[in-house]
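The numbering used here applies: residue -18 is where the sequence shown begins, and numbers increase by one.
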Amino acid sequence: HDQLLRDYVEREVLHGLPDELLQTLYQLAQLPRFNHALCEHLFGVGEGGGWMRALAERGVFIQEMETAKGWFALFPPLAKLLRRYPLAMPCSGLHVHASQWFAGNGDIREAVEHALLAGQPEVASSFLERFTEEQLLQGQDLALLLRWRTELPDSLLLSTPRLILLNAWVLLMVGRLDEAQACIDQLARFQPRSDALRTRELFAHWQAIQGIIAYGRACAMDARTHLLEALAGLPESAWAQALLCRSALTLVAIGEGNLELAHRLSYDALKHARLCGNPVFEALLELDHALLLEARGEFARAETLLLRVLAANDLEALRGTPVYGRMQLRLGRLALRQGRREEADKHLRAGLHETLRCGDPGAFHGYLGLADLAMGQQDIAGAFAYLGEAERLMQRQRVNETLYRGTLLLASSHLWIAQGHCGRAREAATRVLAYERRVKAILPTPNFPELIPRLQALLLQLDLAQGVDVREPVRQLLDHVLSQGRQALASELWLHYAQACAACADHQAAEQARHTGQALRQRLDYQCLWFTASDGSAGEAGVSSLSSSATSLSCRELAVLGLIAQGLSNQEVAEQLFISLHTVKTHARRINGKLGVARRTQAVAKAKALGFL
């Protein structure tokens, strides 16, 4: 209805406006927002502000913005129409003057935007150099900064050491590790410098970025070395970079299972953050502390901590950064672990919305949490759909695979096992662990510090399903996890150990392990195991997809069991299947272990109850 709208505007809005007000209105249509001072700067002192008020009094759809008192905007459909009018004056000069005014008033975001609209990328890049580290490293305007990168040529983006550092941090925060590495390597073009102090500071900044890249690539030794050296060389003015280094060191310690060291590092980082007085960075470091508590199985304490942080802060300040969305996602995961599915769904969807809006790759964990929730409700197709969305998001944003691939494969393996595709699950888990052995000091992906032991446990469960005696390796893994203080994971491994003992007819040890695992789960209020289809009851062990594989029977075992159910003796079964008597007895023993029974009559009854016969 463009013509109808145009007729209305010309008759009811533009008709009768004095020329100076008409030209002012055309130019205001080019501005996303304006106020009295900006109009004075653009249209003349003593006149611009008056013309803006005169237009507002005539009712030409100038509205005060709800989110910024004293700032106004022209009704968007009207502004869009006026920008197409042939009488509108060229606007490049308008945007140049607007960019200068915003830069003079410290609003670098708007200054860059107007410089780009004016077609002056050199001016835009010079303003970008004044973008503060505090704004950048809090994650503000990540999507906007990425858009600017597409609009500015590399020759400008990499023209100064400061721009190189800013661009490297932007790429780092959205998970583009290889691009961040290529960017930070450009600092070599500016070395050596005559100023020794500035050279040392630049090297410290390089070390900080290298350390976080190494952490993202799962290289523990490199990450720790670079981060510690960066902290020793960063100047006091680089407090934001130093806090991110301290955060990364805490996450390295959690990933390695050194939870005592992680606790000390987290406390030290929070102390420094409080001295800086920045609520966003404090909240970011409290997320690290909550992850530490979660790794210990202290779900309720972690949840209380995050809720207290949200209650103590200005939510509007947090909502402008990825931190708020990450907190919602973490609250969703904690609620799910404690069996509160509806609350978990609410938090996960809210966090996913926020992280997607900010362009934060942490949105991956929103999809992962929703897939976990779907798995708990036995919606395998829905869980696969969420994992597919997670993978597409990471690929679309060009996030390095080391930041998510291992966790994605582990979650997918649980779903494959539930579908009976144990071979695919084994291949996926083996591939990740082969990388772990090759890299040696590997770290898990951020926000999922249990990746390696969970992959190891999954392979042992697959071995158990094939009749292998895995009691000793499961016990070794359990002891290792207990020594690290990972109580929640330990409660699951106790149950796995119980299944391994039952499979070998060690019923006393199985019952004792089962009782220990259930008691630990109850004490932790650990009701919904990770990627497990169960009823969420804290008093029962539940039946996970891995656990169900332990009681699944191979084709040969089903054939043996079927003949036993017909009343055949072991010798008759051997003759029917053309195998030795010893092989039949071995199959019968494994069948009893998998079904948790002692006699063949019990095995037949249990198999019928489970639907195997």
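Ideal Cβ positions, reconstructed from N, Cα and C, are used throughout, including at glycine.
Range of the contiguous alpha helix (DSSP H) that encloses residue i
i	result
Leu75	73 to 85
Ile194	177 to 197
Trp397	386 to 399
Arg645	The structure shown does not extend to residue 645, since the chain is modelled only from -18 through 594, so no value can be given for it.
Ser136	135 to 138
Val151	142 to 154
Thr131	123 to 132
Phe280	280 to 293
Arg570	562 to 576
Asp269	260 to 276
Trp638	Because the chain is modelled from -18 through 594, residue 638 falls outside the range shown and cannot be assessed.
Phe365	361 to 377
Asp(-12)	-17 to -11
Tyr507	Careful: Tyr507 lies outside any alpha helix (DSSP H) and carries neither H nor E.
Trp220	220 to 237
His328	322 to 339
Gly350	344 to 357
Pro454	452 to 465
His95	89 to 98
Pro303	303 to 318
Glu160	158 to 165
Range of the contiguous beta strand (DSSP E) that encloses residue i
i	result
Leu55	53 to 55
Glu45	43 to 45
Contact under 8 Å by Cβ, residue i with residue j
i	j	result
Leu123	Val93	no
Arg111	Ile89	yes
Leu223	Leu230	The identity of residue 223 in the sequence shown is Ala, whereas the question assumes Leu. Cβ distance not < 8 Å, so Ala223 and Leu230 don't count as in contact.
Gly27	Cys20	no
Thr336	Leu310	yes
Phe280	Leu55	no
Val304	Ala264	yes
Gly192	Cys164	no
Ala540	Leu558	yes
Leu436	Val413	yes
Leu458	Leu432	no
Thr565	Ala579	Here the sequence assigns Val to residue 565, which means Thr is not the residue at that position. Cβ atoms of Val565 and Ala579: not closer than 8 Å.
Trp150	Ile190	yes
Leu333	Ala325	no
Cys339	Thr388	no
Leu268	Ala250	no
Arg198	Thr48	no
Leu23	Ala79	yes
Ala298	Pro260	yes
Met308	Leu287	yes
Leu59	Val(-10)	yes
Gln8	Cys72	yes
Ala514	Ala399	yes
DSSP beta-bridge partners of residue i
i	result
Phe15	Phe53
As assigned by DSSP and simplified to three states, the class of residue i
i	result
Cys200	strand
Gly214	helix
Glu103	helix
Asn428	coil
Asp249	helix
Trp475	helix
Thr513	coil
Phe559	coil
Ala484	helix
Leu549	coil
Leu(-2)	coil
Ala169	helix
Ser528	With a pLDDT of only 44 at Ser528, under the threshold of 50, the placement of this residue in the model should not be trusted, and no figure is reported.
Cβ-based neighbour list, residue i, same chain, cut-off 8 Å, excluding 5 preceding and 5 following
i	result
Trp129	Val93, Leu97, Ala105, Leu109
Ala486	Arg570, Asn573, Gly574, Ala579
Ala35	Leu2
Residues near residue i by beta carbon distance below 6 Å, same chain, minus five either side
i	result
Gly498	Ser472, Trp475, Leu476
Glu370	Tyr348
Arg314	Gly350
Gly51	Asn16
Ser171	Here residue 171 is Phe; the residue named in the question, Ser, does not match the sequence. For Phe171, where only same-chain residues beyond five positions count, the Cβ hits under 6 Å are Pro142.
Gly238	Gln465
Val455	Leu441, His477, Tyr478, Ala481
Cβ shell of residue i (< 7 Å), same chain only, five flanking positions each side left out
i	result
Trp187	Ile165, Leu168
Leu445	Val451, Gln480, Ala481, Ala484, Ala531
Gly306	Gly332, Glu335, Thr336, Cys339, Asp341, Gly343
Gln101	Val77
Thr141	Glu110
Closer than 7 Å: residue i CB and nearest the ligand FAD heavy atom
i	result
Phe559	What this structure holds is no ligand at all, so the ligand FAD is not there to describe.
Residue-chain proximity (residue i, chain C), Cβ-Cβ < 8 Å
i	result
Leu333	The structure shown contains no chain C; it holds only a single protein chain.
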